[in-house]
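The next block holds one structure in the form of structure tokens; read it before the comments.
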Amino acid sequence: MAVKQLDFWFSLLKLAAKSAFALKTAFFGRIVFMCLNNLILLVGWWAVFQSFNHINGWAFSDFMFMSGLVIAALSLFTLFFRGAGIHLARLIEFGELDPYLIQPRNPLFHICCSVSDASGLGDLISGCLLMSFSGLITPGNLGVIILMFLAAALLFLSMSILFSSIPFYARDASDLSERLFFIFFNIAGYPGCIYSGLAKFILIFIFPAGVMSILPIEMIHTPSFGKIITILSISVGFFGLAIFSFYQGLKRYESSNHIRSKRS
Amino acid sequence: MKKYLTLLLAAAREQISHLKTLSARVLLMLIMLTIFRQFWMVVKAETLDSQTIQPTDLIWYLLLGCLLQYGRPEGLHRRIEEDVRTGDIAYCLLRPVSYIGAKLCESLGTFLVRLPILLFFGGIWAIYLSGGELPHDFQAFPVILILLTLSMIVLSLGTIFVGLSALFLQDSLPLFWMIQKAEYILGGLFFPLTLYPQWLQTLAMSTPFGYAGYGVSHLIYEFSWISAVQTGGMLLLWIIGISGILKLMYVLLMRKVAINGG
Amino acid sequence: MNTSDTTSTTALCVTHLSKSFPVKSKQGNKIIHAVRDISFSVTKGECVAFIGPNGAGKSTTIKMITAILYPTNGDISLLGMNPWTARKHLLPRIGVIFGQHSQLWFHLPAADSFRLIGKMYGLSNADIQKRQSYLARLFQIESFISRPVRQLSLGERMRCEIVASLIHQPEILFLDEPTIGLDITAKNIIRKTLKKLAQTEGMTILLTSHDTGDIEEICHRVILINKGRLILDTTLDILKQKYITEKVITAFYADGHKEERRISVNSSDLAQEIMRLTQSGHLSDMSISNPPLEEIIRSLYQRESL
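Protein chains in written order, with the numbering used here: chain A, 1 to 264; chain B, 1001 to 1262; chain C, 2001 to 2306.
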């Protein structure tokens, strides 16, 4: 049975990738535009770091590493679980989960895995380049970096599921879910050095963008066992919360009747 | 003209009816504003550079950028892309209004409802963050609001451009990201352009984003009638220019729809 | 019937099923009773049409039976099991087609989707291939099975949708408006093939449709729902016998014109009317027929809404 399960999930990922590749212009367009997009952002931040040199102890190389980590983590999410974003939110909003509910596979992961976005390849390329050019990777910290990278990817997936579940609870909220995810990603792309006190606490434990933007650089400069455990447990914790909120919402969905008029 | 007004009012009513999402949007804007302000406080404390802009001025500068970002409807490019891809856009030929005009009204209606609300809460928050101070050229605010509406039109036309580009790119999202980043960086929505090296400033001001973002927002602390008129004029020129391009794209699109049957 | 439920021949048994949900409106919160106290049962191999005007509660009922919605009250036994507690065991044995929701991958050939769906139900590659080619032949989709779905016409796509729902050989098939918007050829293929599958595989079919052609071709029993209540549950034959109130007499004349009369079945003027028609010109042909099913159903709806 487990083999058949795996066979199905593998086929699903393969089909999602094949589907992303079906429109060739769009496929390559997404990769190229994504790299350009990251480049524009980098130039902007380079200009800012040029005028201030150091920001609260961070040099431009720290920022490069942080962006690289965030972008590369996002790419894992975009490549394998893109369905967890606006796609899921809209299925819920328009009451179109039904076809997934009558199929004998976990509906949440079925939806998450059923979209793959080629822009993820662009992100993966630019993210890895940024991290390597930052000069902060050493053979000694490579293992920790991979762990932080996976934790960040899991966090993107979790936050996306969490935000996409909002339409279960509020009307017309799919745009809001998308906007929230965008904000989460944006905050994660801001240098983590600017926060202290309450703001830092919130950004680590409540709106955990800081798990990608604050903690990894601290971990690299002053490694400690406690920090890496914090990073990993927050990601796993939010993943649990996301799954919980989706299934709570699904109970609501099942006990109500989603009658929606199509948007004009 | 009257039918566009009706469209505009419909979009406005739609906004008011979704109070929950509207208040969430206000909250998000306040959070983002706080983060930007935090960033600049840190930067300022570090550099102690008298050349940098005063904190109060900066908060209002950032608030204006936020108004442009949060006042516009989300997902406009996606809805247009869907119309293009499904061929639904052909049905719009049957209606006695221009497609682009209708989409612009949708944007404008949304913006005009959101603006006072966002401004009210954003303004209170900005005053709170700056300890009760007002920005240097606060008296110019009415003029700035008019210019901000022009900016909004320029940026919305850009979004419509992104949506219609699905015709050539199969998929408008990548271009949307790029335009969004360009607004962010070249528009100086979050960093005043004066902090950039000269070549980047020149580049930014030669795109529509430079005037739509920095061009309008910086008037809150460096107001002069000359630069206000210049900004307004440039924005109008961009509106005319981009509208022309959109019109052309629309004609191409209709030809394609006519050939392929949608 | 080739399955475990040999003890019972009942495929579906619904008792006192109700569903209500709160709706917020400007006048305050209202409770909408979408389904009120519905009971019926379906034997294995039966083909039943669920009819009723828009908003009558058909879809809500089907959604409750397929474990998508929880009922407020009442019981459902599907293949001898409770849909909510035994969902996992039940899902592989049912198939559902929602007219508007596609389960095919838009940019890929339908065959790719079939393979994935087969794997979802744990079938081996060989089994999927066998079943796919069998169904492809029946529904006549072989010629376009390897073309991306986005290039297919609506009729072609719908046939592929139905094949996708049949890959795992369900014992019960739920169809929601399967032929909506399709041309006559596609409608015919779908109706004939579904009927054939019901006969050869003993598949039970529950279908909602506004198209009386679907109902007449596929089903022999009709359940009419209106405003959440079960109004009528009878066979198609009885429906026609009992609810036909008029006969249609058409007279064709040699000069090419025709005349139509409607006579109430209970009245005794039938002979008189025929006489009158024969005398009013040089008659070339004459027919006496029942009004179409659509008209019968429409008159039932009208009677119900009064």
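C-beta: ideal position from N, C-alpha, C; glycine also. As the structure is a computational prediction, the values presented were derived from the model and not from experiment.
- DSSP, read as helix, strand or coil, puts residue 7/A in helix.
- Each of 9/A, 70/A, 60/A was checked against the Cα of residue 187/A, and the nearest Cα belongs to 70/A.
- Here residue 132/A carries a helix assignment [DSSP, helix/strand/coil].
- Rounded to whole angstroms, the gap between the alpha carbons of residue 3/A and residue 109/A is 17 Å.
- Distance check between residue 1185/B and each of 1062/B, 1003/B, 1034/B, 1119/B places 1062/B closest, using alpha-carbon atoms only.
- Contact between residue 116/A and residue 35/A is ruled out by a C-beta separation of about 18 Å, above the 8 Å threshold.
- When DSSP states are grouped into helix, strand and coil, residue 54/A belongs to the coil group.
- Interface residue (Cβ-Cβ distance to chain A less than 7 Å): residue 2092/C is classified as such.
- Per the C-alpha coordinates, the member of 2032/C, 2033/C, 2053/C, 2090/C positioned closest to residue 2224/C is 2053/C.
- DSSP places residue 2082/C in the coil class of the three-state scheme, outside both helix and strand.
- Rounded to the nearest whole angstrom, the CA to CA distance from residue 237/A to residue 37/A is 31 Å.
- At least one CB of chain B lies nearer than 7 Å to the CB of residue 172/A.
- DSSP places residue 1222/B outside both helix and strand once states are collapsed to three, so it counts as coil.
- With respect to the 7 Å criterion, residue 1190/B and residue 1036/B are classified as neighbours on the basis of their beta carbons.
- Against residue 176/A, the close residues of chain B are 1021, 1024, in the order they occur along the chain (beta-carbon pairs closer than 7 Å).
- Residues of the segment 84 to 113 of chain A that bring their beta carbon within less than 7 Å of a beta carbon in chain C comprise 96, 98, 99, 101, 102, 103, 104, 105, in sequence order.
- Secondary structure at residue 109/A: helix, using DSSP grouped into helix, strand and coil.
- Among the residues of chain A, those whose CB is under 7 Å from the CB of residue 1035/B are 187, 190, following chain order.
- Straight-line measurement puts the Cα of residue 2202/C at about 15 Å from the Cα of residue 2192/C.
- Taking the Cα positions, residue 81/A is about 10 Å away from residue 74/A.
- Residue-level contact by beta carbon fails for residue 202/A and chain B, as no gap is shorter than 7 Å.
- Spatial neighbours of residue 1009/B in its own chain (CB-CB distance under 7 Å, excluding positions within 5 residues in sequence) are listed in chain order as 1109.
- At least one C-beta of chain A is nearer than 7 Å to the C-beta of residue 1039/B.
- Separation of the CB atoms of residue 2148/C and residue 22/A is rounded to 7 Å, and the pair is thereby assigned contact status at 8 Å.
- Note that the segment 2027 to 2046 of chain C does not touch the segment 1224 to 1244 of chain B; fewer than 3 beta-carbon pairs, one per stretch, sit closer than 8 Å.
- The beta carbon of residue 2063/C lies closer than 8 Å to those of 2069 in the same chain, with the five residues before and after it left out.
- In the displayed model, residue 1118/B falls within a helix according to three-state DSSP.
- Taking 7 Å as the cut-off, the Cβ atoms of residue 1229/B and residue 1148/B do not count as close.
- One Cα belongs to residue 2262/C, the other to residue 2301/C, and the distance between them is close to 20 Å.
- Here residue 2152/C has 2110, 2144, 2160 as same chain residues with Cβ atoms under 8 Å from its own Cβ, once five neighbours each way along the sequence are excluded.
- Residue contact with chain B for residue 70/A: absent (no Cβ-Cβ distance below 7 Å to any residue of chain B).
- Annotated three-state conformation of residue 1189/B is coil, per DSSP.
- Per DSSP, residue 2286/C is one residue of the beta strand (DSSP E) stretching across 2283 to 2289.
- According to the DSSP assignment, residue 2222/C belongs to the beta strand (DSSP E) that extends over 2221 to 2226.
- Contact check for residue 161/A against residue 246/A passes: the beta carbons are separated by less than 7 Å.
- In this structure, the alpha-carbon of residue 2238/C lies about 19 Å from that of residue 2226/C.
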